[in-house]
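S.K.:
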Amino acid sequence: MLKPCLNVFESNEGVNKVKCPACIDDQMQQKIFEWDLPSKSDTDIPVPYHNKYQLFYCAHCGHLYNRINEIQERALAEYYSIHSQRYYDASGCLLPYLCGDYPGSRHDTSTKRYDFLFNFFTKIPHHTRILDFGCGQGGFLSCLYQKGFRYLYGVDVDEYAIQLAKKNSPASVTVNLVDWLSSEHQGYFDVIVLDQVLEHIVHPRDLLVWLSSFLKEDGVFIISVPYAEKYLDSSVFPIQHFCLLEHVQHFTSSSLMNLLTSENYEEATTQAQPKFLIPIIATCSPNRFFKKESFQPKRLNYSLLLDITPYKRLFSEFGRFVDVVLDVVSQSTVLYWGMSREFYFIFSRTLDNCSAYFLADNNTKLSTKSFKGTKIYPPRTLITNNPELVKEALLVISAIGYEDEIYREALELGFPPERIIRPSLLWQELTSCASGI
Ligand SMILES: [Zn+2]
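Quick note: the sequence shown uses this note's numbering, first residue 634, plus one each step.
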């Protein structure tokens, strides 16, 4: 059996000159997990980056983060600049079968998050100037407009998202590409919102230093990010949070506060919502708390820090999960349905063990793409052209977010349930067996 290389580190081997992106400490950084990703030549599917996944833990502030090299950082920037357009047809309608919770969308999942974030706005007067940095399609700006705010601005790096934001926002809302921010906006805004943005930023401290200059001295940052402390509680498939390769920062309450405040740690207001699909933590932190120059990491009370042991256990479980999948697909003809992040992160590493494999995705925009020379087809087209697949092949559902939908559609197409591999069930079986021992 061919096995991809997976390492969970117990010691601090191979770590030097690594700086925590949240607290800038360079003495207490630990590599905890390493995993090979496909290379650039493997596929033309848009992905955040290639080659190597490395997860680090900062024992100084409790932050988790993906270590990214310069090539990966450039790939990530390119990925963001074209992020939205592949989910929409030529008329700007969301392609069928997609969940719709994209940056700045007006989808239910997004609006629930906006409602939660709005808790921080109840005492903010309607005449304040608010900048939504990374506004995407402008969903949160529309939410603020409906609540009576009128001086609203949004910027993003994604040109297509900005086009949608302009189309869908009230006329008085100003939305533009990030370049629009200029010296004339120094000290201009009362509030800068970063909703689900900082986790995407390789150098979050540099971004905040820059943004802080556009904020009034008495202005505030309102920030919401995924909450890594709750990753393990929140999902039937917790490794999924790490498959989102574009989430390069995994904040904990201590690391978020360390990033935002040099002192007055307790005075920043923080609220968590652990029950969302991606658990989040949000904070309102005054600009004056944010130390711009000569920042020195604070000494933290170590009881506040993240316990890293369950995360290491998660990656060991992931190793066992990959072994089981390798075993299941071994010497079989396999249809992988769903060219998702999980496919890229996990299942693409199992292709070489199959005797033959086929690739399918419901997003028709992927029909021109391929993986290791194998073309990706819409599933119904693939099955019409290869009817024997329903009778013989194993079906691996390789998009966990759409597992139920794909399962239903596969049954409709005639796949017997015993030949459909549902990763979240497999994961649950594996982890409940392990905890039962
Ligand atoms: Zn740190």
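We put the CB at the ideal spot given by N, CA and C, even for glycine.
Where does Ala-915 sit, in a helix, a strand or coil, going by DSSP?
M.R.: The residue labelled residue 915 in the question sits at position 282 within the sequence shown. It is a strand residue.
S.K.: If the criterion is Cβ atoms closer than 8 Å, does the pair Asp-791 and Tyr-720 meet it?
M.R.: Along the sequence shown, one-based indexing puts residue 791 at 158. Along the sequence shown, one-based indexing puts residue 720 at 87. No. Outside cutoff.
S.K.: Count the other CB atoms within 10 Å of the CB of Cys-638; is the residue buried (16 or more) or exposed (fewer)?
M.R.: Looking up residue 638 in the sequence shown gives position 5. Cys-638 comes out exposed.
S.K.: Rounded to the nearest angstrom, what separates Phe-870 and His-818 at their Cα positions?
M.R.: Counting from one through the sequence shown, the residue named residue 870 turns up at place 237. Counting from one through the sequence shown, the residue named residue 818 turns up at place 185. Near 43 Å, if we compare the C-alpha coordinates of His-818 and Phe-870.
S.K.: Would you say the beta carbon of Asp-658 is closer than 7 Å to some non-hydrogen atom of ligand 1?
M.R.: Here residue 658 corresponds to residue number 25 of the sequence shown, with the count starting at 1. Checking every heavy atom of ligand 1 against the Cβ of Asp-658, one is found closer than 7 Å.
S.K.: Please give the ranges of any alpha helix (DSSP H) in the stretch 1003-1033, keeping only runs that are unbroken, at least 4 residues long and fully inside the region.
M.R.: Fully enclosed alpha helix (DSSP H) runs of 4 or longer: 1012-1018, 1021-1025.
S.K.: How would you call Lys-1005, buried or exposed, if buried means at least 16 neighbouring beta carbons within 10 angstroms?
M.R.: Here residue 1005 is taken as the residue at index 372 of the sequence shown, counted from 1. Flag for Lys-1005 reads exposed.
S.K.: So does the stretch 738-756 actually touch the stretch 900-914, counting three or more Cβ pairs closer than 8 Å?
M.R.: In short, these stretches touch, since the Cβ pair count reaches three.
S.K.: For the structure I just gave you, are there three or more beta carbon pairs, one from the stretch 878-889 and one from the stretch 830-837, closer than 8 Å?
M.R.: Output reads yes: the stretch 830-837 touches the stretch 878-889.
S.K.: At 3 residues or longer, and completely inside the stretch 839-873: list those beta strand (DSSP E) runs for me, N to C.
M.R.: Listed in chain order, they are 848-859.
S.K.: For Pro-1012, is the classification buried or exposed, using 16 other Cβ atoms within 10 angstroms of its Cβ as the cut-off for buried?
M.R.: Taking the first residue of the sequence shown as position 1, residue 1012 is located at position 379. Pro-1012 is buried by the Cβ-count criterion.
S.K.: Report the three-state DSSP secondary structure of Gly-767 (helix, strand or coil).
M.R.: Translated into positions along the sequence shown, residue 767 becomes position 134. Coil at Gly-767, not helix or strand.
S.K.: Helix, strand or coil for Asn-809? Go by DSSP, reduced to three states.
M.R.: By 1-based counting over the sequence shown, the position of residue 809 is 176. Strand, per DSSP.
S.K.: Of all the options Asp-960, Lys-1008, Tyr-1010, which has the alpha carbon lying nearest to the alpha carbon of Asn-986?
M.R.: Translated into positions along the sequence shown, residue 986 becomes position 353. Among Asp-960, Lys-1008, Tyr-1010, the Cα nearest to that of Asn-986 is on Asp-960.
S.K.: Whole angstroms is fine: what's the gap from Gly-1047's alpha carbon to Val-1023's?
M.R.: Within the sequence shown, the letter at position 414 stands for residue 1047. Within the sequence shown, the letter at position 390 stands for residue 1023. Answer to the nearest angstrom: the Cα atoms are 6 Å apart.
S.K.: Would you grab the beta carbon distance between Ile-1016 and Asp-994 for me? Rounded to a whole angstrom, and I think it's under 8 Å.
M.R.: For the purposes of this step, residue 1016 is identified with residue 383 of the sequence shown, where counting begins at 1. For the purposes of this step, residue 994 is identified with residue 361 of the sequence shown, where counting begins at 1. That pair is no contact at about 13 Å.
S.K.: Report yes if the CB atom of Cys-768 is closer than 8 Å to the CB atom of Asn-891, and no otherwise.
M.R.: As a position in the sequence shown, residue 768 is number 135, starting the count at 1. As a position in the sequence shown, residue 891 is number 258, starting the count at 1. For Cys-768 and Asn-891, no; Cβs fall outside 8 Å.
S.K.: By alpha-carbon positions, which one of Ser-857, Leu-878, Leu-810 ends up nearest to Pro-679?
M.R.: Here residue 679 is taken as the residue at index 46 of the sequence shown, counted from 1. If we check each option's Cα against that of Pro-679, Leu-878 comes out closest.
S.K.: Going by beta-carbon coordinates alone, are Tyr-977 and Tyr-990 separated by less than 8 Å?
M.R.: Along the sequence shown, one-based indexing puts residue 977 at 344. Along the sequence shown, one-based indexing puts residue 990 at 357. Not closer than 8 Å, so no.
S.K.: Quick one: what's got a C-beta closer than 8 Å to Ile-1070's C-beta in the same chain, skipping five residues either side?
M.R.: Sequence index remark: in the sequence shown, residue 1070 carries index 437 (1-based). Only weak support is given to the placement of Ile-1070: the predicted model assigns it a pLDDT of 45, under 50, and the question is left unresolved by the model.
S.K.: Roughly how many angstroms lie between the CA atoms of Ile-913 and Pro-859, to the nearest whole one?
M.R.: For this step, residue 913 is matched to residue 280 along the sequence shown. For this step, residue 859 is matched to residue 226 along the sequence shown. Between Ile-913 and Pro-859, the C-alpha separation is close to 4 Å.
S.K.: Given 7 Å as the limit, tell me if Asn-1019 has its C-beta closer than that to any heavy atom belonging to ligand 1.
M.R.: Stepping through the sequence shown from its first residue, residue 1019 is reached at position 386. Checking every heavy atom of ligand 1 against the Cβ of Asn-1019, none is found closer than 7 Å.
S.K.: Tell me whether Asn-891 counts as near ligand 1, meaning its Cβ is closer than 7 Å to at least one heavy atom of that ligand.
M.R.: For the purposes of this step, residue 891 is taken as residue 258 along the sequence shown, with counting starting at 1. The answer is yes for Asn-891.
S.K.: Out of curiosity, what's the CA-to-CA distance linking Gln-964 and Val-955?
M.R.: As a working mapping, residue 964 is identified with position 331 in the sequence shown. As a working mapping, residue 955 is identified with position 322 in the sequence shown. Roughly 16 Å between the two C-alpha positions.
S.K.: Identify the continuous alpha helix (DSSP H) that holds Thr-1001 and give its terminal residues.
M.R.: By one-based count along the sequence shown, residue 1001 stands at place 368. Element bounds for Thr-1001: n/a, residue is neither H nor E.
S.K.: Could you have a look at Gln-906 and say whether DSSP puts it in helix, strand or coil?
M.R.: Your numbering for residue 906 matches position 273 in the sequence shown. If DSSP states are grouped into helix, strand and coil, Gln-906 belongs with the strands.
S.K.: Since His-696 sits in a beta bridge, which residues does DSSP pair it with?
M.R.: Stepping through the sequence shown from its first residue, residue 696 is reached at position 63. Answer is none; His-696 lacks a bridge partner.
S.K.: Helix, strand or coil for Ile-1070? Go by DSSP, reduced to three states.
M.R.: Sequence index remark: in the sequence shown, residue 1070 carries index 437 (1-based). The pLDDT assigned to Ile-1070 is 45, lower than 50, so where the model puts this residue is not dependable, and the model offers no usable value.
S.K.: Would Ala-1071 pass as a contact of Glu-975 if the rule is Cβ separation under 8 Å?
M.R.: The chain is shown only over 634 to 1070; residue 1071 falls outside these bounds and no answer can be derived.
S.K.: Are at least three pairs of beta-carbons, each pair with one atom in the stretch 776-789 and one in the stretch 802-820, less than 8 Å apart?
M.R.: Yes, since at least three Cβ pairs between the stretch 776-789 and the stretch 802-820 fall closer than 8 Å, the two stretches touch.
S.K.: Classify Ser-724 as buried or exposed, calling it buried when 16 or more other Cβ atoms lie within 10 Å of its own Cβ.
M.R.: If you number the sequence shown from 1, residue 724 lands on position 91. It counts as exposed.
S.K.: If you reduce the DSSP assignment to three classes, tell me which class Arg-746 lands in.
M.R.: Locating residue 746 in the sequence shown gives position 113, where the first residue counts as 1. Residue state, collapsed to three classes: helix.
S.K.: Contact defined as beta carbons within less than 8 Å: I believe Ile-763 pairs with Val-826. What is the distance between those atoms, to the nearest angstrom?
M.R.: Walking along the sequence shown from the start, residue 763 turns up at place 130. Walking along the sequence shown from the start, residue 826 turns up at place 193. Right, their Cβ atoms sit about 6 Å apart.
S.K.: Quick check on this structure: which residue in Gln-1061, Trp-1060, Leu-1044 has the alpha carbon closest to the alpha carbon of Ser-1053?
M.R.: For the purposes of this step, residue 1053 is taken as residue 420 along the sequence shown, with counting starting at 1. The sequence given here places Ile at residue 1053; Ser does not occur at that position. Checking every option, the nearest Cα to that of Ile-1053 belongs to Leu-1044.
S.K.: So if DSSP puts Thr-942 in a beta bridge, which residue, or which two residues, is it bridged to?
M.R.: Residue 942 sits at position 309 when you count from the first residue of the sequence shown. Beta-bridge pairing links Thr-942 to no other residue.
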